[in-house]
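Notes follow the structure.
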Amino acid sequence: MDFNAIPPGDGLLAYQWHSGFAAANQNLLPRTEAQFQQFVLDGQVWTAKDERGYAGFVYCVPDSNASGAAESWELGGLMVASREKGQGIGSILARLVLIDLLVSENPLSRGEKIIAHVLASNREPRNLIEDALKFTRRDPVYIPGDLLPGLPVNADGCVEGDVYELCDVTAIVSLADWCTNAPANLKDGRQVNIKLPRGYTLQKCSESLRVLASKLCLRRGQSGSI
1002 MDFNAIPPGD GLLAYQWHSG FAAANQNLLP RTEAQFQQFV LDGQVWTAKD
1052 ERGYAGFVYC VPDSNASGAA ESWELGGLMV ASREKGQGIG SILARLVLID
1102 LLVSENPLSR GEKIIAHVLA SNREPRNLIE DALKFTRRDP VYIPGDLLPG
1152 LPVNADGCVE GDVYELCDVT AIVSLADWCT NAPANLKDGR QVNIKLPRGY
1202 TLQKCSESLR VLASKLCLRR GQSGSI
């Protein structure tokens, strides 16, 4: 199974897969073609793929303010094909997109948050977000449904969800440890082939993440939280 950022030339085919998946899954925000294609062009969408086609997607994209500056980055769009459930594909994808973001963009150094939104009714991704990725749960949110077309709403017409934030140095250290001990195979034995951008290696990413964690602790005078 190959894991990599989607090449720009594959953007249309990738969007078609995303669109079909979102249409069948009310827990996933359907992105417009223009949005998704821009995410691909910016190298922010990661995929798992083999000879049978796409097995999963995830992205980490900026949430910009009116001036266009990123205030936070959202981990989202996690999709795993039904035939591949239970193989560990989602956890590999989520870690890789976070590692790429932290190493290439280092948004935490600029005070930008890394967050994930989960529908209140959606229990499936919480173990991954809380236990594996070590995000911290924040306050619930209620967003008018017309701002998030395609997601279910409550009786007041709002989308109910929980916000998670990557806000603990141990989460970064955990990602560094994962780089050192990344799985060589899926749970069914198929080989995991990871292609990192910009000439990175997992070892270099591990080293960069440990430096990042140390600098954040020193800068804020804290031993555990970012």
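One gets the numbering used here by counting positions in the sequence shown from 1 and adding 1001 to each.
Think of the CB as a built atom: it goes at the ideal place given N, C-alpha and C, for glycine as much as any other residue.
Integer-rounded CB distance, given that residue j should sit under 8 Å from residue i
i	j	result
ASN1005	LYS1196	4 Å
CYS1159	PRO1141	Rounded, the Cβ-Cβ distance is 11 Å, inconsistent with contact.
GLY1054	MET1080	The Cβ separation is near 13 Å, so there is no contact.
9 Å Cβ cutoff met for residue i and residue j
i	j	result
VAL1059	ALA1082	no
ARG1032	GLY1091	no
ILE1007	VAL1041	yes
ALA1049	MET1002	yes
ILE1116	LEU1076	yes
TRP1047	ASP1101	yes
GLN1038	TYR1016	yes
ARG1211	ALA1177	yes
ASP1064	GLU1072	yes
SER1110	LEU1213	yes
LEU1235	CYS1061	Within the shown structure, residues of the chain are numbered from 1002 to 1227, placing residue 1235 beyond reach of any answer.
Own chain partners of residue i with C-beta closer than 6 Å, once the 5 adjacent residues on each side are dropped
i	result
LEU1120	ASN1028, GLY1162
ILE1130	ALA1117, PHE1136, TYR1165
LEU1203	CYS1180, ALA1183
Residue i at chain D interface by Cβ criterion, 9 Å
i	result
ALA1133	The structure shown contains no chain D; it holds only a single protein chain.
Close-in-space but distant-in-sequence residues of the same chain around residue i (CB under 8 Å, 5 per side omitted)
i	result
VAL1193	MET1002, PHE1004, ILE1093, ALA1183, PRO1184, ALA1185, ASN1186, LEU1187
TRP1074	CYS1061, VAL1062, PRO1063, ASP1064, LEU1102, GLU1106, PRO1108, GLU1113, LYS1114, ILE1115, ILE1116
Cut-off 7 Å between Cβ atoms - residues of its own chain near residue i, not counting five sequence neighbours on either side
i	result
ASN1155	GLU1161
- Taking one C-beta from the stretch 1164-1181 and one from the stretch 1122-1140 each time, how about it: are there three or more such pairs within less than 8 Å? yes
- Report yes or no: do three or more beta-carbon pairs, one from the stretch 1184-1191 and one from the stretch 1097-1114, lie closer than 8 Å? Flag = no, the stretch 1184-1191 and the stretch 1097-1114 do not touch.
- Query: Mind pulling the alpha helix (DSSP H) runs of 4 or more residues that sit fully within the stretch 1033-1082?
  - Reply: 1034-1042
- Message: As an exercise, report each continuous beta strand (DSSP E) stretch of at least 3 residues that is fully enclosed by the stretch 1135-1222, in chain order.
- Response: 1137-1145, 1159-1166
- Query: Can you give, in chain order, each stretch of the alpha helix (DSSP H) that sits fully within the stretch 1083-1119 and has at least 4 residues?
  - Reply: With a minimum length of 4 residues, the continuous alpha helix (DSSP H) runs that stay inside the stretch 1083-1119 are 1090-1105.
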